[in-house]
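Number of protein chains: 4
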Amino acid sequence: MSDVKKAVLAYSGGLDTSVILKWLQDTYQCEVVTFTADLGQGEELEPARQKALKFGITPDNIFIDDLREEFVRDFVFPMFRCNTVYEGEYLLGTSIARPLIAKRQIEIARATGADAVSHGATGKGNDQVRFELGYYALMPGVKVIAPWREWDLLSREKLLAYAEKHGIPIEMKHKQGGSPYSMDANLLHISFEGRHLENPAAEAEESMWRWTVSPEAAPDAAEYVDLEFERGDLVAINGTRLQAHELLAKLNELGGKHGIGRLDLVENRYVGMKSRGCYETPGGTILLRAHRAIESVTLDREVAHLKDDLMPRYASLIYNGYWWSPERRALQALIDNTQESVNGWVRLKLYKGNVIVTGRDSKTDSLFDPTIATFEDDQGAYNQKDAHGFIRLNALRMRIAANAKTKRS
Amino acid sequence: MSDVKKAVLAYSGGLDTSVILKWLQDTYQCEVVTFTADLGQGEELEPARQKALKFGITPDNIFIDDLREEFVRDFVFPMFRCNTVYEGEYLLGTSIARPLIAKRQIEIARATGADAVSHGATGKGNDQVRFELGYYALMPGVKVIAPWREWDLLSREKLLAYAEKHGIPIEMKHKQGGSPYSMDANLLHISFEGRHLENPAAEAEESMWRWTVSPEAAPDAAEYVDLEFERGDLVAINGTRLQAHELLAKLNELGGKHGIGRLDLVENRYVGMKSRGCYETPGGTILLRAHRAIESVTLDREVAHLKDDLMPRYASLIYNGYWWSPERRALQALIDNTQESVNGWVRLKLYKGNVIVTGRDSKTDSLFDPTIATFEDDQGAYNQKDAHGFIRLNALRMRIAANAKTKRS
Amino acid sequence: MSDVKKAVLAYSGGLDTSVILKWLQDTYQCEVVTFTADLGQGEELEPARQKALKFGITPDNIFIDDLREEFVRDFVFPMFRCNTVYEGEYLLGTSIARPLIAKRQIEIARATGADAVSHGATGKGNDQVRFELGYYALMPGVKVIAPWREWDLLSREKLLAYAEKHGIPIEMKHKQGGSPYSMDANLLHISFEGRHLENPAAEAEESMWRWTVSPEAAPDAAEYVDLEFERGDLVAINGTRLQAHELLAKLNELGGKHGIGRLDLVENRYVGMKSRGCYETPGGTILLRAHRAIESVTLDREVAHLKDDLMPRYASLIYNGYWWSPERRALQALIDNTQESVNGWVRLKLYKGNVIVTGRDSKTDSLFDPTIATFEDDQGAYNQKDAHGFIRLNALRMRIAANAKTKRS
Amino acid sequence: MSDVKKAVLAYSGGLDTSVILKWLQDTYQCEVVTFTADLGQGEELEPARQKALKFGITPDNIFIDDLREEFVRDFVFPMFRCNTVYEGEYLLGTSIARPLIAKRQIEIARATGADAVSHGATGKGNDQVRFELGYYALMPGVKVIAPWREWDLLSREKLLAYAEKHGIPIEMKHKQGGSPYSMDANLLHISFEGRHLENPAAEAEESMWRWTVSPEAAPDAAEYVDLEFERGDLVAINGTRLQAHELLAKLNELGGKHGIGRLDLVENRYVGMKSRGCYETPGGTILLRAHRAIESVTLDREVAHLKDDLMPRYASLIYNGYWWSPERRALQALIDNTQESVNGWVRLKLYKGNVIVTGRDSKTDSLFDPTIATFEDDQGAYNQKDAHGFIRLNALRMRIAANAKTKRS
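Protein chains in written order, with the UniProt record's numbering: chain D, 1 to 409; chain U, 1 to 409; chain C, 1 to 409; chain G, 1 to 409.
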């Protein structure tokens, strides 16, 4: 019937991927391997194991992995080295998780001898692209099954009917219409799309937000926090060194408490349409600000500008799903090269949605020299008279042009 | 003695430029024309006239111009069409005013037959470059006098002594040590540099800020505001159409009230050193956010990305003083071309330092189509199956590469 | 059966598009409008009319248009304003013709009330993309029929069998196996792909080339030619002003005679694979060299560099088929803005494959000033001492960094 | 008198730097260290030693170094990895030698305890910038003496008078007016500037060229040559592995013989003016073509495009003298990362000024797959139907925009 023998499914344990699991077994008549990842989304994973067992998946075909440290250390932090935002605002919380899931899925496919992989992303979104570009880059001959593009369960009603028919347990929330939003969460963010948000003119409901209090509800007293960086990566908060994922969790806690990191955006999807998304990225919002600040005292001007020039391209690569591409790796080589000197600390004030940089310095790598920048006196490295020649030569081409014009007219 | 006959001085009426005025008369033995511009800095200009008269400047050599509308319409708004920020954060409040002052100074030089121009910018800063590149581009043979690079009054003490000696009135604040900050203000912002800020590790004093209340001191109730855009420029606030400079003044008022637009930054000067600056840009901070939001529904994805890619370069041109360069004009041609469709409105919520976009739409130019972005059903322009081919071909080069590697190993 | 009522076919009159014509009539049961364009490919067009009539196409459904002037004036010349080459070498001869064909096809569709368009490009190449992106951009609801992606005539044998079966005349060359190459020609170039070229290690056969003699066979005497430019476009050759397409034809004649403009390339297709192509672009090769040369004396340095930085992106847009996109238009606004001053003449020496610039100048717009560039003396605009300050300040950031490093170690 | 104790002079042994040597001794009353480098310029270096001794330089203060291998291996080849050309044509032969000279000069300064360095570049050219940016980056406190910006010997007559007065031997050629050109040579090129070339409208004299025969005088028979690359660098010619500098010398011989590598250019200097230069870069011209060709089969499309986009910036950095800057190093990290797979061979045909690529392949890293690019059949990795979805989604944003426009009008 089908030429698929064994498929590794990215399985959350939720209704949608449970339906997919069953549908794969029925439609492709193939063995299914489930893979459930802990990326810090804040859900229990063991229920996914129990559900998988109920579908007849054998224990050795059930993979549940804690990928939090790898996620933050090898994906989130490298991305933040470039102060990466998509379209000026989006911190790429969903985008950056997909390549790790794809990589692990392929590792499992190799380990279990599977010839196919499958995911629960729809045919209209970016995630299908991000998953599948990862699959193909890492295992070019793999068969990819994207049920949402293949089946006819394209409305929630049909999906529920299928679940009911096949005895897949439907939680109360789904029966009541489910969450009005399509959500995705990991240590970097939680996102909301769909339904009520589909009118870009209408304000998001306060009840939608999950990780952050509103600025209004945040504490009336500001909180200061010190972040320490080494080679561009956060290594300590308020003097405490922690693992990468613990650091990000701690920032999330701080940001969430102070109403930091909400974003309401209309963005351009890679597949061609605009869509409205709301995001909570409390820790990432703090981290971005802090990273820019530590770079401001430790990074050379032209290096910083080079990074700024390339950032939108790098962000698009990640947004579009090209993490595993050779061009992303080449850009990363440049970015990482620049972070050698990005060592030091940043002090931030968190207050009702605001992340305010109040101080920054580096014992080992500061390029800030107050004796040069000061307005008074004129000693040492800087001679004010040098500015005369600097300006004259920088103006030369424009003077020549203006002169030529004058002569002719 | 000197080969300068007549010099147009950018004259604020303050102590520094008064000393310069006197010094020009003494050192260059030249006639001086004073030019004082109203850029919305919020100071009385008539005192400058009286002071100039006291230095023996003849009435027809005193120019006091209200440039507020030209400033916002022809400089600030064109710059905001590109969502322009320097080094990720600075809104270029000082930078964007300099080319207008330079232009007007040269116009006055032509009108009065002057052969020289002079300004009060120091030899360590960016402003000398911005002024002089403008002068040279617009009048290539003009003589430029930059007293701070020429004289020996390089400490405040020497300057005060010179003033005293020449009977230049010294206000009480200067006798008491003066403001600890070097400040610059216009309709777009007020900036602070120097003294207490020269330690980038230390927090700025709350007493420094002038235009904005602190987020803590801002009203406890949020305020909603509607902005309307035409061809990328703000044209109305809450339904009221106003002149450009009135609109910006109104935004400043709103932003200032809600604690919006403070920035504390270490930036890279064009002349080569890092310096710490603090800025209040209440209206500009609101405007930037709103402009991005209206573009998010009206601008094509690739056009938006092209602008994002070029923005840092455009920002650097303005920061470095190249407004009057041909490359800035070429970039402006591109930017302006993209703004044809940027028409519509944005709703913002202002609250204690936060500018929150809550809605945006365009009756005439929205590219947002909920029937395409929606998760359910599959009609019309978008066929989910198309995504299969889209992904397959975008992955092709990576599949070929991975295949080739596999075959060989 | 089919929902297509009337389709406009890009019809060359050759075997392939004749088979497509018949196949459209049979498969879609639709009315067919044929459109044959003269882009200077050097073929008789009237035979296409006769053939179309034989297929039962009514005379008012047969369009044969001379588009040569529009092609060169509105497509080729604007592209050359940016010194456009794809991947460092390819002059985009095929790419630049497609948007014009698409545009005219859509015009005819509107004029004849057709609801569909069709072309003869294969499913593996770039041309399908270029045609169809044009169609969709200009008439978003149009139905696109791409027979090569739909039918099963995917080998030459099957195609010939179909032709024979349907009484489509097969010329002798096809019976003998046809040309070994897939060719495309217009006033800008002729291209060769396929068969013998599919081994990138093997040299192209001398007999393949059509428009140029080999350098070896070119005249032993060099020929000088003067080109005159206005606003970046060629307007005269050796003092004779001609229409745009006549100018390019004349350059082709000159280049072809002197063995100029052959190119043998492995390029990256938009659809994801590498392919080997050979091109003859005699006139374009001369024009590119000359345009760079006239810019070298009339264009500001930073403007020239800005164009150089953007050129690869602009070239990719054209190569990939995005001529009708808003981002191409935005870039064109920038490019055209820069060409105001590109007026003057260039003298070239043509000799056995070489295009050698021997002189260039502009009476009205030269920015070359020998009194400044000269090695001796030091007057006027340039003071050698200015270089001291210029270098000192440009070095400042690196000196500060090196100093900081030294102090710490 | 002077605060300079010991200065390392970049000393060619020619008239100009001999005058500088004497002038340094007289004006600065300092000890002088001479440094003469063999960069393959094709001149005897021992005479420089004899001359230095005559000026009273002690033997241990005379440095004569063969830097040819380091020059080609660590400067020329890394630069060619990016297919680097300045302003579309110039191969940067002079620019790339300066950073090595500066580096070695600073090494000698450190070794000999010198506190100053000096060079013979004029105040109007690029070389002063390139030398001095290198000095400052590598030894920030070094004193730089640029005699041409300091002394009053600004005409050839004055220089000759000074030489005569101080007993500096003047060769016959100088007495007769010397070469009409200012020249610079190393293994990569020889350059010509000045005098007869200062009229950009006039053709360069045939007698000027030194390293190449004219295409007319080149052999009537073409010559084929095979180049082998490893990680982007040339490693063998016609199967013979040689050191880097030997390879370039061999290419120079081949190119010179076949009239390859002449260039006549108006370029934009960093100090602000346009200048006309003529260059002979026989080996480099061959190498550039070959490197592009080997990349065409081994480099991923997007990586190649990324490099193309960044190349002009990288070229400007080198042209302007920023080899030792952190931004050049960051770009180099990216470039070098991309060259891992650039392994294989290229076959070239050299004929009367032409460098014609006739074949290229890679046993280990070819990404060219004829089974995918072929026009016939449709198996394996590529399914022609995929192109449909690819085009539809790439067109989507333009279709939406066109639809929206239509609906409104």
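C-beta atoms are modelled at their ideal positions from N, C-alpha and C, and glycine is treated no differently.
This structure is a prediction, so every number in the text was calculated from the model and none was measured.
Task: Coil, strand or helix - D:Arg-81 by DSSP - done: Three-state result, D:Arg-81: coil.
- [ ] Taking C-beta pairs closer than 8 Å, name the residues in chain U that C:Asp-300 reaches, listed in chain order.
- [x] Ser-325, Pro-326 and Glu-327
TODO: Establish whether the CB of C:Ile-294 and some CB of chain D are separated by less than 9 Å.
DONE: No, because no Cβ of chain D sits closer than 9 Å to the Cβ of C:Ile-294.
Open item on the list: Taking only three categories from DSSP, how would you classify D:Tyr-136?
Closed with: helix
Task: Cα-Cα separation, D:Asp-365 to C:Tyr-382 - done: 38 Å
Open item on the list: Taking 7 Å as the limit between beta carbons, can you name the residues of its chain near C:Arg-241, skipping five residues before and five after?
Closed with: Val-235
Open item on the list: Any beta carbon of chain G sitting closer than 9 Å to that of D:Ile-391?
Closed with: no
Open item on the list: For C:Met-183, report the span of its alpha helix (DSSP H) as first-last.
Closed with: Element bounds for C:Met-183: not the alpha helix (DSSP H) but the beta strand (DSSP E), 182-185.
Open item on the list: Per the DSSP calculation, G:Phe-192 is bridged to which residue(s)?
Closed with: G:Met-183 and G:Cys-278.
TODO: Starting from C:Asn-199, find everything on chain U with Cβ-Cβ shorter than 7 Å and list it in chain order.
DONE: In chain order: nothing, as chain U lies at least about 16 Å away.
Open item on the list: Please tell me whether G:Gly-125 has its Cβ less than 9 Å away from any Cβ of chain D.
Closed with: no
Open item on the list: Please report the straight-line C-alpha distance between D:Asn-403 and U:Asn-126, rounded to a whole angstrom.
Closed with: 25 Å
Task: Three-state secondary structure (DSSP) of D:Gly-93 - done: Annotated three-state conformation of D:Gly-93 is coil, per DSSP.
TODO: Can you give me the start and stop residues for the alpha helix (DSSP H) that G:Lys-158 sits inside?
DONE: 156-165
Open item on the list: Taking 9 Å as the threshold (C-beta atoms), are U:Leu-154 and U:Leu-248 in contact?
Closed with: no
Task: Contact under 9 Å by Cβ, D:Ile-260 with U:Tyr-136 - done: no
Task: Which residues DSSP lists as bridging U:Ala-116, in chain order - done: Under DSSP, U:Ala-116 takes part in a beta bridge, and its partners are U:Ala-7 and U:Lys-143.
Task: Short CB-CB distance (under 9 Å) between C:Asn-394 and chain U - done: Residue-level contact by beta carbon holds for C:Asn-394 and chain U, with a gap shorter than 9 Å.
Open item on the list: Residues of chain G with CB closer than 9 Å to the CB of D:Ile-400, please, in chain order.
Closed with: Proximity of chain G to D:Ile-400 at the Cβ level (cut-off 9 Å) is accounted for by Gly-272, Met-273 and Lys-274, in chain order.
TODO: For the beta strand (DSSP E) containing D:Ala-37, list its first residue and its last residue.
DONE: 31-38
Open item on the list: Could you check whether U:Ala-146 and U:Glu-132 sit closer than 9 Å to each other, using their CB atoms as the reference points?
Closed with: yes
Task: Same chain only: Cβ atoms within 7 Å of G:Asn-238, ignoring 5 sequence neighbours per side - done: Val-225 and Asp-226
Task: Coil, strand or helix - U:Arg-231 by DSSP - done: coil
Task: CA-to-CA distance, U:Lys-165 to G:Thr-27, given in whole angstroms - done: 41 Å
TODO: Mind listing the chain D neighbours of U:Arg-408? Cutoff is C-beta to C-beta under 8 Å, in chain order.
DONE: None at all; the shortest Cβ gap to chain D is about 13 Å.
Task: C-alpha distance - U:Pro-78 paired with U:Ala-244, whole-angstrom precision - done: 11 Å
Task: CB of G:Ser-95 within 9 Å of CB of G:Arg-130, strictly - done: yes
Task: Nearest-angstrom beta carbon gap, G:Lys-257 and G:Pro-215 [assumed within contact, 8 Å] - done: Contact flag wrong, Cβ pair sits at about 11 Å.
TODO: For U:Glu-280, count neighbouring Cβ atoms within 10 angstroms of its own Cβ and tell me buried if that reaches 16, exposed if not.
DONE: Buried, because 16 or more other Cβ atoms sit within 10 Å of the Cβ of U:Glu-280.
Task: Alpha carbon of U:Phe-71 to alpha carbon of U:Arg-313, nearest angstrom - done: 22 Å
TODO: Would you check if there are 3 or more beta carbon pairs closer than 8 Å linking the stretch 321-332 of chain C to the stretch 104-121 of chain C?
DONE: no
- [ ] Kindly indicate if chain U contains any beta-carbon less than 9 Å away from that of G:Lys-5.
- [x] no
Open item on the list: Distance check for C:Tyr-322 and G:Ala-395, CA to CA, integer angstroms please.
Closed with: 9 Å
Task: The alpha helix (DSSP H) enclosing D:Asn-403, as first and last residue numbers - done: 386-408
Open item on the list: So D:Val-142 contacts chain G; which residues on that side make the cut at Cβ distance below 7 Å?
Closed with: Residues of chain G passing the Cβ test: none, with the nearest at roughly 12 Å.
Open item on the list: Counting only beta-carbon separations shorter than 9 Å, does U:Gly-93 have a partner in chain D?
Closed with: Not an interface residue.
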